[in-house]
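Read the structure below first, then the notes.
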Amino acid sequence: MKHLKESFLVLGLGRFGSSVLKELARLGYDVVGADKNEKVLQDEELQDAASYLAEGDVTSTAFLEELNVDNFDAVVVSIGDDFESAILTVLALKDLGCETVYAKANDQKRGRGLKGAGATDVFFPEEETGRRVAYHIANPGILQYIRLSPYCSGLEMTVPEDFIGKSLAELDFRNRYKALVVMVTSQSEETPVVSPAPDYIFQPGDTIFTVGAEKDLERLRRKFY
Numbered sequence: 016m017k018h019l020k021e022s023f024l025v026l027g028l029g030r031f032g033s034s035v036l037k038e039l040a041r042l043g044y045d046v047v048g049a050d051k052n053e054k055v056l057q058d059e060e061l062q063d064a065a066s067y068l069a070e071g072d073v074t075s076t077a078f079l080e081e082l083n084v085d086n087f088d089a090v091v092v093s094i095g096d097d098f099e100s101a102i103l104t105v106l107a108l109k110d111l112g113c114e115t116v117y118a119k120a121n122d123q124k125r126g127r128g129l130k131g132a133g134a135t136d137v138f139f140p141e142e143e144t145g146r147r148v149a150y151h152i153a154n155p156g157i158l159q160y161i162r163l164s165p166y167c168s169g170l171e172m173t174v175p176e177d178f179i180g181k182s183l184a185e186l187d188f189r190n191r192y193k194a195l196v197v198m199v200t201s202q203s204e205e206t207p208v209v210s211p212a213p214d215y216i217f218q219p220g221d222t223i224f225t226v227g228a229e230k231d232l233e234r235l236r237r238k239f240y
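This is the structure:
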């Protein structure tokens, strides 16, 4: 399955926005970043990661028009603590034809406000890392990515269509993907299935949590999402 999205725009390149941009680039996507702070744009890691960096007021509708924001698959609004500016930016992006807009919020109340303004989804930097947010933005089927140690990571994802109706044994999951399914959450079960048996048959709506080496989980992600 091909990636559902290919190009992204990140507005505001503070710590959180920069982290999201770098991770999206690492995942192989084209990412453009914009910020009004010239010093931020001189960061070598950002320059290496981004397809292009633009200097300007990301809350300005005129500047957003110059960026051709409607050409991107998704836009991430990460413009600091100015809630009013964030709201106005989301509204402007929607008016300019952006279908998918993600926004950063400092708390649940502001998050609801951004959702009301038209944000597709809202993220809370104190609760979520830039890496996890990037995975979610780039791959809606990826629900969570966790780095458990320098050698092992965890990936929670919606079960791929190719798995439905097949058992773990039939898929030969562990040998084929070099990862271990440690839990399945199913709509037909009241509680998650921990350490599912080899004869467990995947159903529509299942989510699976797998553990393995980062390179193997990345290969699994790219194959299906």
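Read left to right, the sequence shown gives residues 16 to 240 (our numbering).
All C-beta atoms, glycine included, are put in the ideal place defined by N, C-alpha and C.
Every value quoted in this text rests on a predicted model; they were computed, and no experiment measured them.
Can you tell me whether residue i is buried or exposed? The criterion is at least 16 other CB atoms within 10 Å of its CB, across all chains shown.
{"i": "ALA132", "result": "buried"}
{"i": "SER168", "result": "buried"}
{"i": "VAL209", "result": "exposed"}
{"i": "ASP187", "result": "exposed"}
{"i": "GLU38", "result": "buried"}
{"i": "ASP221", "result": "buried"}
{"i": "LYS17", "result": "Bear in mind that the predicted position of LYS17 carries a pLDDT of just 37, short of 50, making it too unreliable to give a figure here."}
{"i": "SER203", "result": "exposed"}
{"i": "ARG147", "result": "buried"}
{"i": "ARG30", "result": "exposed"}
{"i": "ILE179", "result": "exposed"}
{"i": "GLY128", "result": "buried"}
{"i": "LEU36", "result": "buried"}
{"i": "GLY145", "result": "buried"}
{"i": "SER201", "result": "buried"}
{"i": "LEU108", "result": "buried"}
In angstroms with no decimal places, state the Cα-to-Cα distance between residue i and residue j.
{"i": "ALA184", "j": "ASP214", "result": "6 Å"}
{"i": "VAL91", "j": "VAL25", "result": "5 Å"}
{"i": "GLU81", "j": "THR206", "result": "50 Å"}
{"i": "PRO165", "j": "THR225", "result": "16 Å"}
{"i": "LYS193", "j": "THR104", "result": "43 Å"}
{"i": "ALA118", "j": "GLY48", "result": "14 Å"}
{"i": "PRO219", "j": "LYS181", "result": "11 Å"}
{"i": "ALA101", "j": "ASP88", "result": "19 Å"}
{"i": "ARG134", "j": "LYS124", "result": "Contrary to the premise, residue 134 reads as Ala rather than Arg in this sequence. Rounded to the nearest angstrom, the two C-alpha atoms are 14 Å apart."}
{"i": "ASN86", "j": "VAL199", "result": "37 Å"}
{"i": "ILE94", "j": "ALA64", "result": "19 Å"}
{"i": "ASN83", "j": "ARG236", "result": "30 Å"}
{"i": "VAL174", "j": "ALA149", "result": "19 Å"}
{"i": "THR74", "j": "ALA120", "result": "16 Å"}
{"i": "GLU7", "j": "ALA77", "result": "The requested residue 7 is not part of the displayed model; the chain covers only 16 to 240."}
{"i": "VAL197", "j": "GLU99", "result": "43 Å"}
{"i": "LEU19", "j": "VAL116", "result": "Residue confidence is low: LEU19 scores 42 on pLDDT, short of 50, so the model does not pin down where it sits. Its coordinate-derived value is still stated next. Each residue's Cα considered, the two are about 15 Å apart."}
{"i": "GLN57", "j": "LYS230", "result": "30 Å"}
{"i": "PHE23", "j": "GLY43", "result": "11 Å"}
Which residues does DSSP list as the beta-bridge partners of residue i?
{"i": "ASP177", "result": "For ASP177, which the question treats as bridged, DSSP gives no partner whatsoever."}
{"i": "THR200", "result": "THR222"}
{"i": "LEU195", "result": "VAL226"}
{"i": "ILE102", "result": "Answer by DSSP bridge pairing: none, since ILE102 is not bridged."}
Using the three-state DSSP reduction, which class does residue i fall into: helix, strand or coil?
{"i": "ALA65", "result": "coil"}
{"i": "PHE31", "result": "helix"}
{"i": "TYR117", "result": "strand"}
{"i": "TYR166", "result": "coil"}
{"i": "GLN123", "result": "helix"}
{"i": "LEU243", "result": "Outside the modelled stretch of the chain, which goes from 16 to 240, sits residue 243, for which no answer is possible."}
{"i": "PHE78", "result": "helix"}
{"i": "TYR240", "result": "coil"}
{"i": "PHE139", "result": "coil"}
{"i": "ILE152", "result": "helix"}
Would the beta-carbon of residue i be found less than 7 Å away from any heavy atom of the ligand PLP?
{"i": "LEU36", "result": "Inclusion of the ligand PLP in the displayed structure is not the case, the ligand content being empty and no account of it being possible."}
Checklist entry - Any contact of the stretch 70-86 with the stretch 45-61, i.e. 3+ C-beta pairs under 8 Å? => result Touching, per the Cβ criterion.
Item to check | Segment contact, 8 Å Cβ cut-off, at least three pairs: the stretch 187-196 with the stretch 150-160 | outcome: no
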